[in-house]
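*Asks:* Right, I'll just put the structure down here and ask away after.
4 protein chains.
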Amino acid sequence: MATRLNVGVVGAGRMGRIYAADLAQRIPNARLAAVADKQAAVAESFARDYGVPKWYASHLDLLDDPRVEAVAVISPTSTHREVVIAALNKGQPVFCEKPLSISIAEAEEMLAAVERTGTFFQMGFQRRFDAGYQAAKKKIDAGAIGTPVLIKSTSRDPLPPTREYCDPKSSGGLIIDMGIHDFDITRMFMGDVKSVHAMGGALAYPWMKEIGDIDNAVINMVFGSGALGCIQLSRHAIFGYDIRAEVWGTKGSVQVGYLRETPVLVMTEDGVTHDVVPNFMQRFEKAYLAQMSNFVENVLHGRPPAITCADGVAALRVSVAATVSARENRTVEVREISGASAQATVKN
Amino acid sequence: MATRLNVGVVGAGRMGRIYAADLAQRIPNARLAAVADKQAAVAESFARDYGVPKWYASHLDLLDDPRVEAVAVISPTSTHREVVIAALNKGQPVFCEKPLSISIAEAEEMLAAVERTGTFFQMGFQRRFDAGYQAAKKKIDAGAIGTPVLIKSTSRDPLPPTREYCDPKSSGGLIIDMGIHDFDITRMFMGDVKSVHAMGGALAYPWMKEIGDIDNAVINMVFGSGALGCIQLSRHAIFGYDIRAEVWGTKGSVQVGYLRETPVLVMTEDGVTHDVVPNFMQRFEKAYLAQMSNFVENVLHGRPPAITCADGVAALRVSVAATVSARENRTVEVREISGASAQATVKN
Amino acid sequence: MATRLNVGVVGAGRMGRIYAADLAQRIPNARLAAVADKQAAVAESFARDYGVPKWYASHLDLLDDPRVEAVAVISPTSTHREVVIAALNKGQPVFCEKPLSISIAEAEEMLAAVERTGTFFQMGFQRRFDAGYQAAKKKIDAGAIGTPVLIKSTSRDPLPPTREYCDPKSSGGLIIDMGIHDFDITRMFMGDVKSVHAMGGALAYPWMKEIGDIDNAVINMVFGSGALGCIQLSRHAIFGYDIRAEVWGTKGSVQVGYLRETPVLVMTEDGVTHDVVPNFMQRFEKAYLAQMSNFVENVLHGRPPAITCADGVAALRVSVAATVSARENRTVEVREISGASAQATVKN
Amino acid sequence: MATRLNVGVVGAGRMGRIYAADLAQRIPNARLAAVADKQAAVAESFARDYGVPKWYASHLDLLDDPRVEAVAVISPTSTHREVVIAALNKGQPVFCEKPLSISIAEAEEMLAAVERTGTFFQMGFQRRFDAGYQAAKKKIDAGAIGTPVLIKSTSRDPLPPTREYCDPKSSGGLIIDMGIHDFDITRMFMGDVKSVHAMGGALAYPWMKEIGDIDNAVINMVFGSGALGCIQLSRHAIFGYDIRAEVWGTKGSVQVGYLRETPVLVMTEDGVTHDVVPNFMQRFEKAYLAQMSNFVENVLHGRPPAITCADGVAALRVSVAATVSARENRTVEVREISGASAQATVKN
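Rendered as structure tokens:
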């Protein structure tokens, strides 16, 4: 337990506070050195509650703090490019929460900065750190199911985020905002995606249509290997938070998924009932902690990032391709999508 | 238990024998009056084993037998048109095993004959008679999940049929041969299909490619209501027979599926293990019996068919549309597919 | 399918009708030759419904019917001794539903008659023919769990039988009437029982106390091998029918049990719900059929009985020992219990 | 997050280190002020690793440390009496890990000290803080299952502790050492126990017999209300750690239990397999944390203890009664067991 890494957190919103609390209290080889948020009062109250030495209203001040040895960027997606590139230019190791951006052009610019500066950069996709997904990966790598030929991945939120949050201009829309986790995890299991086809609709909430978004989507994929994939996305699981994956190979299958929250069954005249995982934090609490611990370890010990900036760009590229597919009702080749192309953004 | 219906079975292959044995021994208000098979020896030995009064080498002789009051057509798909139309013309109530045909033109011809003759015709899709699918339908009709907005249906065989059976010229290919069950069941839950998109590959068995077929497919659908669907088909579940469906609504979801064969868990140092349903007959034995009983009941009591000829044509039309989509890598509108169109068959 | 065995059924009550219907329609190598019931009208109407050639008001007439080649005794327990001994004396192969008797003296008399006449006798305990219990036995015999050291067995009915049925004078009380299945199945897995200790109470239904019976019991056992056992019995599962067993060995465990009736999960805001097996016939329908088929096969092919009369006596002896233990609040050695002893019956 | 409670931990063995690490890093309103262990080097190295201000070789020195505001006693059971009474006499709020003692006389002496001094004392039984047991309690208290009439509780360790640990002279034997958790949890659900009957054996490990202990036991109980209980204890689950309970009431049942560790299913030709919770720390990590947080909260806010010293004595009394029952093969009334009685200890 010799050295501790002094980490600064940029962004003290819902997710920022979770990562910051983990850094402050639950990661023994890290110290939460400073926190920055444009809403100064938010930064200040958080710093007080958690005994953080310093707080700032600007990320630039945090990057200038000599005690800060690494930065976790948990600010709104629209600010990622600016904060990340500033940190990279200062040589600060960076952790960046998903998605990198909702614009391919911006994402490619960040990737170029990582390559130019040679600074450590780790992409945030916590699902990769979940014990379930990791155990599945291990089983597959050990040959338990032969050659993988088909992957299914589903994400279902219990309820939609706010109308403001969902606005495709800032969120990128359902397929980018929620689907990027599925695109990343399917890449982890199956490699790069060749082409995608998506169908969607505003089926549960009419207001989704008004803001130009959808609340359900089904997406088919062909991977470079020829293997197939299918993804389901939904904003209204109602009964809880439901994240699953199945990988089918020539010799068997691995399924990741876990509905039950408490280990309790109730049996009455109405049948047998159990509760379910209510939301993402109950499901992925340990994965978020493991992800930030992994970032700290990698920086402390000079190890390569667990997830690269290129992974972040690739997952975004598939997300955008699927968004274009849903809009144009056709199969889209992922290689069509680049920062220079007309389809690089989903702004209507 | 007053009257019994005298049923003749045409086709004494694997499935024919199952239906015939049910009629002979397990359906109290039916009698197996006669059996016909082009292989006379097969018909004769079956008749002897089950004490069937008459056997024939030709379906025409069976249709002329004055004791026969209704006909179950379980002969090869390629013979359905001829046998069914002959029976309809004689006014014999008909049960026809799936698929109606692999040709839309043929299927439409049978539908026209049903309409012209006014003879009773019931389509065979045993999955609709499974206790699981029926319980799910009941729950949904009772409003348990609100408005259905997305359906997932999967079919996985443990092993592929023979190379000869798989030949798309006779089977229609994976998407018709296996998928027609999923297209029918999704129609039962969600209504008519508007458009489909399919992707597939010969991923587990290279010989599938040689015969022009695939062994895995993922299929997206939009229903007339705007609701979404996705289907997975596979020929290599290896571990057993895996048939599932999930219907998601605005207020919840219903899942149908059942992996365990015997109610036994084994716990050792290797973990917890249970067996699985090995193949379709273990999974659907009761559904096949219920389906034939229902046919007998409907004929005896003058009730309408549980599944109509038009249902059989509709499921085939979606299957053909998906087959065309996989071949041409584009979204196909189901209304494009008709007997007159160039895309009505999947013969390459 | 050469020869068929002509079976006569004595007793056309609830269980008698089930066995008789199986013999009439579902066991290809048996014929239901005759049915007898003291209530002549019951026997007659059953015979008419199922096309049984002959019906009788007396079991003696049925035993005299020259077409009858074997007898299934499904009449009330109090009549077993008389019917069984009459059949044995005529040399008719006998199947006798559980329990043999509620009196050790009577049971020993039947066993003596079996030994004296050398006539085929098969005891009825359908649980041994359940696919789950059989698969568990096979796993254990194959060494999957090492040496068995502890067994747990539970029986729970959804609701109590009628007050009249429960009367210990005719039923023997909960521990004999219901527990005899558990005592038999634990003997199948673990061998003979050395001593038992039982505790019980009329906890859910006050009227149980009035008739001198209990509605819940917990029973500990030591087997001859030193292994341990525990049994739970209950008359008020409410939510359904719940039959389970677990065998624990030095290397692992096997669990038998199966709550779900239809393969359907419903997920709503209230959690995840599934239905359960409602009652014993849904749970053991196949086992009853398999048991009677096995009896027919054994008689036709001259094989020994699957469960002997001595097994029936042994299970009863343990049941009586446990009943005495519950009454006297002490450990009872099974060898204390014999027809000559004061504790041979549970009549108060 | 105003005030923090300064806690001293006595005992830096396996369990002591777990509680101490939670106090140091995971309980925001506590500070780990000091640690004491008779093995000075152990205390020192722990203090260094976790940045604990003070470490001591004697609990007396720790109790004299003016910064220490409360004490957690996690030292060997044989030292509990001395440490606890010393702390109580100093007016230090005490948390004491289970069991209080293996001697009724000692336990009664501690209870007398709690009553005499009026000092805060909280008994440690982490199972009560498990989300599963808590959810079950809540459901039952809300009337979900009507009146509870039967409880089943099982504990199975994957492997036995060391021969030295198991020695009944220090551990009290299987029924006290392991069963005390089950006796406490059944008391939580059902109230006080009236009488018990136990049967046990050294069935999996012959060396258990040599040291005078057993490795399996089945225990029946009658509660003061007349309700029934049964407990199974085992030292060789092999496949993992298996802790379950079922409470049956007049209107339904609640089951607590949870075998799966990671949410992964593997399906291959060998069937469907999942892993299991490997040992107690994976199963109860959160419960241990919740228990210590609860102690800190109760002391800080002047709330009564969640589990009293009298609860600790009561659970021990039932454990001793069951141990006597197994030895003497008879039903034992719990009220027979007192510090003055010859049966108060299980030393042979």
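Residue numbers (the numbering used here), protein chains in the order written: chain R, 1 to 348; chain A, 1001 to 1348; chain B, 2001 to 2348; chain S, 3001 to 3348.
The beta-carbon is built from N, C-alpha and C at its ideal position, and this holds for glycine as well.
The structure displayed is predicted, hence computed values, not measured ones.
1. Straight-line CA distance for L2032 (chain B) to G2008 (chain B)?
2. Leaving aside the five residues before and after S1058 (chain A) along the sequence, list all residues of the same chain whose C-beta is less than 7 Å from its C-beta, in chain order.
3. Using a Cβ-Cβ cut-off of less than 9 Å, list which residues of the segment 1200 to 1223 of chain A approach chain R; keep chain order.
4. Spatial neighbours of V3193 (chain S) within its chain, please: CB distance less than 6 Å, with the 5 preceding and 5 following residues excluded, ordered by chain position.
5. Would you kindly work out how many angstroms separate the C-alpha atoms of A1198 (chain A) and R17 (chain R), rounded to a whole number?
6. Along the beta strand (DSSP E) that carries N298 (chain R), what are the first and last residues, could you check?
7. If you follow the alpha helix (DSSP H) that M3110 (chain S) is in, where does it begin and where does it stop?
8. Starting from the beta carbon of K194 (chain R), find every residue of chain A whose beta carbon is closer than 9 Å, and list them in chain order.
9. Please state whether the Cβ-Cβ distance between D174 (chain R) and D213 (chain R) is less than 7 Å.
10. With a threshold of 7 Å between beta carbons, is M354 (chain R) in contact with chain S?
11. Locate the alpha helix (DSSP H) running through E2082 (chain B), then write down its first and last residues.
12. Quick one: Cα of A1287 (chain A) to Cα of L265 (chain R), how far?
13. Take N1294 (chain A) and list the residues in its own chain whose beta-carbon comes closer than 6 Å to its own, dropping the five residues that flank it on each side.
14. Do you know offhand how far P1304 (chain A)'s Cα is from F1120 (chain A)'s?
15. How would you label T2162 (chain B), buried or exposed, when you count the other beta carbons within 10 angstroms and need 16 or more for buried?
16. Let's test the definition: count the other Cβ atoms within 10 Å of the Cβ of S3075 (chain S) and tell me whether it reaches 16, buried, or not, exposed.
17. Please name the residue in B:A2227, B:D2242 and B:N2216 whose C-alpha comes closest to that of D3215 (chain S).
18. Answer with yes or no whether the minimum CB distance from H1080 (chain A) to chain R is below 7 Å.
19. Is the CB of A135 (chain R) under 7 Å away from at least one CB in chain S?
20. Compare the C-beta of T154 (chain R) against all C-beta atoms of chain B and say whether one is closer than 7 Å.
21. Got a sec: is the Cβ-Cβ distance from A1012 (chain A) to anything in chain B below 7 Å?
22. Less than 7 Å between the beta carbons of L3300 (chain S) and L3005 (chain S), yes or no?
23. In chain order, what residues of the segment 228 to 256 of chain R put their CB closer than 8 Å to some CB of chain A?
24. Using 8 Å for Cβ pairs, my map puts V1052 (chain A) next to A1070 (chain A). What's the rounded Cβ distance?
25. For Y205 (chain R), which residues from the same chain have a beta carbon less than 8 Å from its beta carbon, with the 5 sequence-adjacent residues on both sides left out?
26. Suppose contacts are defined by Cβ-Cβ distances below 7 Å. Is A3315 (chain S) in contact with D3184 (chain S) by that definition?
27. At the level of alpha carbons, what is the spacing between T3 (chain R) and G302 (chain R)?
28. In the DSSP assignment, what residue or residues form a beta bridge with K2152 (chain B)?
29. Would you check if there are 3 or more beta carbon pairs closer than 8 Å linking the segment 108 to 124 of chain R to the segment 148 to 156 of chain R?
30. Can you have a look at T147 (chain R) and say buried or exposed, based on whether 16 or more other CB atoms are within 10 angstroms of its CB?
31. I need the DSSP call for S3195 (chain S), collapsed to helix, strand or coil.
32. Would you decide whether N1298 (chain A) is buried or exposed? Buried here means 16 or more other CB atoms lie within 10 Å of its CB.
33. Please say whether C1096 (chain A) and V1114 (chain A) have beta carbons closer to each other than 7 Å?
34. Which term fits Q3291 (chain S), buried or exposed, when burial requires 16 or more other beta carbons within 10 angstroms of its beta carbon?
35. Is V1277 (chain A) helix, strand or coil by DSSP?
36. Cβ closer than 7 Å: which chain R residues qualify as neighbours of V1149 (chain A)?
*Replies:* This is what the structure holds:
1. 6 Å
2. A1036
3. G1200, G1201, A1202, L1203, A1204, Y1205, D1215, N1216, A1217, V1218, I1219, N1220, M1221 and V1222
4. M3221, F3223, V3318 and V3334
5. 43 Å
6. Taken as a continuous stretch (DSSP letters only), N298 (chain R) belongs to no beta strand (DSSP E), being part of the alpha helix (DSSP H) at F280 to L300.
7. I3104 to T3117
8. Within 9 Å Cβ-Cβ: nothing; K194 (chain R) doesn't reach chain A, min ~10 Å.
9. A quick correction: the sequence has Leu, not Asp, at residue 174 (chain R). Closer than 7 Å, so yes.
10. With chain R covering only 1 through 348, there is no way to say anything about residue 354 (chain R).
11. H2080 to N2089
12. 30 Å
13. A1306
14. 8 Å
15. exposed
16. buried
17. B:A2227
18. no
19. yes
20. no
21. no
22. yes
23. L228, G229, C230, Q232, S234, H236, A237, I238, F239, W248, T250, K251, G252 and S253
24. Rounded, the Cβ-Cβ distance is 15 Å, inconsistent with contact.
25. P160, D215, R235 and H236
26. yes
27. 13 Å
28. B:C2230 and B:E2246
29. no
30. exposed
31. strand
32. buried
33. no
34. buried
35. coil
36. L203, A204 and N216
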